[in-house]
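S.K.:
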Ligand SMILES: [Zn+2]
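In this note's numbering, the protein residues as written are 126 to 455.
1. Would you identify the three-state DSSP class for residue 130, choosing helix, strand or coil?
2. For the pair the region 240–252 and the region 158–171, tell me if three or more CB-CB distances fall below 8 Å.
3. When we look at the beta-carbon of residue 405 and count the other beta-carbons within 10 Å, is it buried (16 or more) or exposed?
4. With the cut-off set at 9 Å, would you say residue 205 and residue 247 are in Cβ contact?
5. For residue 337, write down the residues that DSSP places opposite it in a beta bridge.
6. What residues come near ligand 1, if near means a beta carbon less than 6 Å from any of its heavy atoms?
7. Going by the DSSP bridge assignment, what does residue 394 pair with across the sheet?
8. With a 10 Å radius around its C-beta and 16 neighbouring C-beta atoms as the bar for buried, classify residue 299 as buried or exposed.
9. Take residue 146 as the anchor and find which of 132, 188 and 400 has the nearest alpha-carbon.
10. Indicate the three-state DSSP secondary structure (helix, strand or coil) for residue 210 in the structure shown.
11. Whole-angstrom Cβ separation of residue 316 and residue 342, contact assumed at under 8 Å?
12. For residue 223, which residues in the same chain have their Cβ closer than 6 Å to its Cβ, ignoring the five residues on either side in sequence?
13. Kindly identify the DSSP beta-bridge partner or partners of residue 283.
14. Pull up the CB-CB distance for residue 129 and residue 403, whole angstroms please, since I reckon it's below 8 Å.
15. When you compare only the Cα positions, how much space is there between residue 218 and residue 174?
16. Among 373, 302, 170 and 368, whose alpha-carbon lies nearest the alpha-carbon of residue 394?
17. What did DSSP end up calling residue 454 once you bin it into helix, strand or coil?
18. Would the beta-carbon of residue 136 fall within 9 Å of that of residue 216?
19. Around the Cβ of residue 453, are there at least 16 other Cβ atoms within 10 angstroms (buried) or fewer (exposed)?
20. Do three or more CB pairs link the region 322–331 to the region 360–376 at distances below 8 Å?
21. Between the C-alpha atoms of residue 286 and residue 257, what's the straight-line distance to the nearest angstrom?
22. According to DSSP, is residue 222 part of a helix, a strand, or is it coil?
23. Can you say whether residue 396 is buried or exposed, counting buried as having 16 or more other CB atoms within 10 angstroms of its CB?
24. In angstroms with no decimal places, state the Cα-to-Cα distance between residue 139 and residue 232.
25. Taking residue 311 as the reference, which of 155, 320, 166 and 301 has the closest Cα?
26. Alpha helix (DSSP H) containing residue 378: first to last residue?
27. Is it buried or exposed, residue 250, if we count other Cβ atoms within 10 angstroms and call 16 or more buried?
28. According to DSSP, simplified to helix, strand and coil, what is residue 217?
29. Under a Cβ-count criterion, where at least 16 other Cβ atoms within 10 Å of its own Cβ denotes burial, should residue 126 be classed as buried or exposed?
30. Quick check on the DSSP output: the alpha helix (DSSP H) that includes residue 229 runs from which residue to which?
31. Assuming residue 432 and residue 379 form a contact by the criterion Cβ under 8 Å, report the distance between their Cβ atoms to the nearest whole angstrom.
32. If you follow the alpha helix (DSSP H) that residue 176 is in, where does it begin and where does it stop?
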């Protein structure tokens, strides 16, 4: 039995495996610029975040109907459950779909259908987090938030993703204020490729409760001290960092230093279909490549539940935490 964990940094579009991409392409009459799944997989040799995003947005063309989104999410939940994920807070990028003419309701209702069945079908509790594309204008993010208002009962929070450099968090001050006014929780990607200053801005200007990635916080000792003091969770994605060249090899990953500094770290999969592994694969990989033992892995799992938005289900959180404490690494 794998270590129980929560996944807090997972883009549902990034769980689109080549096999499902080709199946949906055939069903929807979409032509992919790849001969087969093997040729597509060969294209997963990224040199940075942008080279990944180009392929990622291209492949999304196959997602068109509510059924497509439901199938995508259900396939992820099955794989995640098999790797010990008990709770998943799932990101989605509405603008990547509305820009192609897919209504936001199709996306949210499709994902929502899979999430509604997740506890029964897979034993996984879920939350949905709507992300804004930071390389799009702030006005587009604001319009997206307005479009999502009829579906807010399905949405726990908002996030910020896509190409980071040149798009500081402060660009989205207004939309985060509006999201807060609607009672939504707030997270943001910061300090993946962008500087530590973006992490500060995400905290100070956007009022986020978690930082997605936050790797480059380590360049700023005062910021590290603050993140430790304020117990700000960081959702790290080690295999993603290697694939997108944020670190040279997994052995160079700062995770052990970050934990030793007292940061509240979690380990997540980001875009697992593209980066070589789901949540459990990331746990296994860091254990093999880095000086982390059973108790460090337990701390990462414990943190994932503590940092999750399970505040309205504290009994469930307590149950998950008890499972983590009782886990026998064997
Ligand atoms: Zn991400």
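Note that the Cβ used here is the ideal one computed from N, Cα and C, for glycine as well. Small disclaimer: the values here were computed from a predicted structure and weren't measured.
M.R.: Straight from the coordinates:
1. Reduced to three states, the DSSP call for residue 130 is strand.
2. No, they do not touch.
3. By the neighbour-count rule (16 or more Cβ atoms within 10 Å), residue 405 is buried.
4. It is a contact, given that the beta carbons lie within the stated cut-off.
5. Beta-bridge pairing links residue 337 to 314 and 360.
6. These are the residues, in chain order, with a beta carbon less than 6 Å from any non-hydrogen atom of ligand 1: 134, 136, 286, 314, 337 and 395.
7. The partner list for residue 394 (beta bridge, DSSP) is empty, contrary to what the question assumes.
8. For residue 299, the number of other beta carbons within 10 angstroms of its own is below 16, and it is reported as exposed.
9. The shortest C-alpha separation from residue 146 is found at 188.
10. Looking at residue 210 - three-state DSSP - the assignment turns out to be strand.
11. Rounded, the Cβ-Cβ distance is 5 Å, consistent with contact.
12. The residues 229, in chain order, have a CB closer than 6 Å to that of residue 223 in the same chain once the five nearest residues on each side in sequence are set aside.
13. In DSSP, residue 283 forms a bridge with 255 and 311.
14. Rounded, the Cβ-Cβ distance is 14 Å, inconsistent with contact.
15. Taking C-alpha positions only, residue 218 is separated from residue 174 by approximately 16 Å.
16. Closest option to residue 394, Cα to Cα, is 368.
17. Secondary structure of residue 454 (DSSP, three-state): coil.
18. Contact flag set, yes.
19. When all chains shown are included, residue 453 counts as exposed.
20. No: fewer than three Cβ pairs fall under 8 Å.
21. Roughly 6 Å between the two C-alpha positions.
22. Residue 222 falls in the helix class under three-state DSSP.
23. With 16 or more other Cβ atoms within 10 Å, it is buried.
24. If I take the Cα positions, the gap works out to 15 Å.
25. Ranking 155, 320, 166 and 301 by Cα distance to residue 311 puts 301 first.
26. Membership of residue 378 in any alpha helix (DSSP H) is not indicated, and neither H nor E is assigned to it by DSSP.
27. Residue 250 comes out buried.
28. Of the three classes helix, strand and coil, the one that applies to residue 217 here is strand, per DSSP.
29. Label assigned to residue 126: exposed.
30. First-last of the alpha helix (DSSP H) with residue 229: 229–241.
31. The Cβ separation is near 18 Å, so there is no contact.
32. Bounds of the alpha helix (DSSP H) holding residue 176 are 174–184.
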